[in-house]
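Chains as they are written, first to last, in the working numbering: chain A, 1 to 365; chain B, 1001 to 1285.
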């Protein structure tokens, strides 16, 4: 590994760390079982150089196992991990040149922030002066220059995670692995760090695999999001593609909020929506099918003889989310402009109808 | 105690002014004073009696008694060998069990408690049956026996220290940064287990300096054996030697608490008491 960034520090933090060409990463048919539990069932995934791919899914879907196999902490039962076309499956974690940020901050308690950042450089035999300079630059880059001498227990959670990020980036990793790095932080810090991670990743061009169960994080940070279920990749696509054109009912319901309305109720909701199956296949609504409709795919108007009763309302700023109970005890969420929803209160009768947009059909659960 | 309430206690301490003040001595109920007094008397009266019996003038003459230097030197040598062997054998074992075989932790706890359950006489008879002849003529046999005897205390110290660390993540973090096993152990784990090592060391030393049964049955004249033997000729000197051993042990225990506390404040992430190490409250988000 080259230490190009260690040579000569610029005036601006991070100036020397630009244009790190990211590596390609290919996961080929990865499978892994723990006893009778199958964590990965033939996962295949390609990451382009400099791309940030998020693996999203519920607990136990195999996303962390996939990340740990890429990092070298787990061994796949079958399949390979290739970095820049070279199979690294048999390479120990210490020799993979991959930076990792963990959910629990993972800073070494006996080392100061600067020593933590310099640890990977020390392992690469970089001299003390170079180490110190580079660690200082990276701490500056994550906004913690003033905390360089502080020990982990003297830092807040957000600060610790920024040190961990600087430490992972200090070694100029070929691949950056993020294992739910924001989960332990409060909402405000999470938002700040989210933006900081994304901006650094884009500036450095490091290929990044990011594991999270938080769809907002995944959709806002990633170039592409892979949704996993039962050890398989259900769909991988850009965030807007994933939201607008989910490949399966699971993806449709996991990403964003989705209403599930029995197919035979579609006529009651009127509208001129066209029905498609997940993956944009044409479909016919029937009694055994449910329609999947996003809250913004429904319209609502106050009507004394309407088809539903408002049960609750949640003010979200520009939008207000209304819960409406339809006949058959079907409850749907409807997003309405707050100005238009101002006059609607819980207990009001309303008319819910389909907006003029495609409706996804899925097998009834 | 601290292991059980460690984090809560630290949080409480950190909370400081937000919490109601601890009751002062004026609010200390009478019955608590009474219990404290009875327990205190139980421990202090024999010591005071021993001190009165032996007198302060006996202490300087202890070191000049026949057999004392050799016995003391043997005990110190045994303590050093036992401590090194205990650290070298038990620490990597404890780390390995925590890291790779966490399911065996309970089994290890059970196994390591055995030397307390099995009487030393039984141990020594068994060892003498199987020990090779060349070992029987050296004090190293006794040191090996002491390693077994120290196991419950040493393992618990390491166990408490390891529980206070997020071991798996620290090891993986070090490896992802390019550290091999030796470097991870040397630069990451050992510095964070220093308090636990210190605790294990002091307990082992205290045990070796006070052990009588095994040494006596093995026919070695260690410091405790010498005290008993000397008791036949001079009671006051023997009692002075016992008290001296007690004070030395106390000073060691005090030292560990102070050093452990100081290291903890410097930032090694754990607070240590004699039998437990608790994780320091890390920063919030």
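Where is the CB? At the ideal position from N, CA and C, for every residue including glycine.
Can you tell me which residues form a DSSP beta bridge with residue i?
i	result
residue 1234 of chain B	Answer is none; residue 1234 of chain B lacks a bridge partner.
residue 1046 of chain B	DSSP lists no partner for residue 1046 of chain B.
residue 100 of chain A	A:177
residue 259 of chain A	A:293
residue 91 of chain A	DSSP lists no partner for residue 91 of chain A.
residue 351 of chain A	A:301
residue 208 of chain A	A:52 and A:176
residue 25 of chain A	A:47 and A:83
residue 332 of chain A	A:324
residue 319 of chain A	A:337
Listing by chain order, which chain B residues have their CB less than 9 Å from the CB of residue i?
i	result
residue 99 of chain A	1176 and 1177
residue 167 of chain A	1173 and 1177
Taking residue i as the query, report the chain B residues whose CB atoms sit under 7 Å from its CB, ordered along the chain.
i	result
residue 124 of chain A	1178
residue 73 of chain A	1172
residue 197 of chain A	In chain order: nothing, as chain B lies at least about 15 Å away.
residue 120 of chain A	1177 and 1178
residue 94 of chain A	1175, 1178, 1179 and 1180
On the three-state DSSP scale, how would you describe residue i?
i	result
residue 202 of chain A	helix
residue 228 of chain A	strand
residue 308 of chain A	strand
residue 144 of chain A	coil
residue 1088 of chain B	helix
residue 1118 of chain B	coil
residue 236 of chain A	strand
residue 264 of chain A	helix
residue 1249 of chain B	helix
residue 327 of chain A	helix
residue 364 of chain A	coil
residue 74 of chain A	coil
residue 251 of chain A	helix
residue 1054 of chain B	helix
residue 339 of chain A	helix
residue 31 of chain A	strand
residue 222 of chain A	coil
residue 314 of chain A	strand
residue 185 of chain A	coil
residue 346 of chain A	coil
residue 150 of chain A	coil
residue 1222 of chain B	coil
residue 1069 of chain B	helix
residue 125 of chain A	coil
residue 246 of chain A	coil
residue 105 of chain A	coil
Between the options, which lies nearest to residue i when the distance is taken from Cα to Cα?
i	options	result
residue 81 of chain A	A:52, A:112 and A:45	A:45
residue 345 of chain A	A:40, A:300, A:364 and A:353	A:300
residue 1177 of chain B	A:329, A:142, A:99 and A:362	A:99
residue 1123 of chain B	B:1092, B:1055, B:1144 and B:1083	B:1144
residue 310 of chain A	A:335, A:233, A:297 and A:236	A:335
residue 1113 of chain B	B:1133, B:1102 and B:1157	B:1157
residue 85 of chain A	A:49, A:354, A:269 and A:158	A:49
residue 367 of chain A	A:77, A:91 and A:255	The shown model of chain A, from 1 to 365, leaves out residue 367 of chain A, and the question about it has no answer.
residue 1055 of chain B	B:1245, B:1236 and B:1074	B:1236
residue 1073 of chain B	B:1154, B:1220 and B:1149	B:1220
residue 71 of chain A	A:26, A:33 and A:107	A:26
residue 1127 of chain B	B:1147, B:1076 and B:1105	B:1147
residue 165 of chain A	A:185, A:213, A:325 and A:138	A:138
residue 231 of chain A	A:61, A:117 and A:171	A:61
residue 135 of chain A	A:170, A:146 and A:102	A:170
residue 1287 of chain B	B:1159, B:1118, B:1036 and B:1249	Nothing can be reported for residue 1287 of chain B, as the shown portion of chain B is limited to 1001 through 1285.
residue 214 of chain A	A:180, A:202 and A:206	A:180
residue 1191 of chain B	A:163, A:109, A:252 and A:200	A:109
Can you list the residues of chain B that residue i reaches, using a CB-CB cut of under 8 Å?
i	result
residue 69 of chain A	The premise fails here: residue 69 of chain A is roughly 13 Å from chain B at the closest Cβ pair, so nothing lies under 8 Å.
residue 171 of chain A	1177 and 1178
Can you pull the chain A neighbours of residue i, defined as C-beta to C-beta under 9 Å?
i	result
residue 1191 of chain B	108, 109, 110 and 111
residue 1204 of chain B	Those within 9 Å of residue 1204 of chain B in chain A number zero; the least Cβ separation is about 23 Å.
What in chain A is Cβ-close to residue i, meaning under 8 Å?
i	result
residue 1166 of chain B	104 and 106
residue 982 of chain B	Not covered by the structure: residue 982 of chain B. The range shown for chain B is 1001 to 1285.
residue 1169 of chain B	102, 104 and 106
residue 1183 of chain B	123
Identify the contact partners of residue i in chain A, using a Cβ-Cβ distance below 7 Å as the criterion.
i	result
residue 1086 of chain B	Simply none; closest approach about 22 Å.
Contained beta strand (DSSP E) runs [length at least 3] in the region 38-66 of chain A, N- to C-terminal order: 52-56
Complete alpha helix (DSSP H) runs within the region 1139-1219 of chain B (minimum length 4 residues, chain order): Scanning the region 1139-1219 of chain B for uninterrupted alpha helix (DSSP H) segments of 4 residues or longer gives 1140-1163, 1167-1176, 1194-1210 and 1213-1217, listed from N- to C-terminal end.
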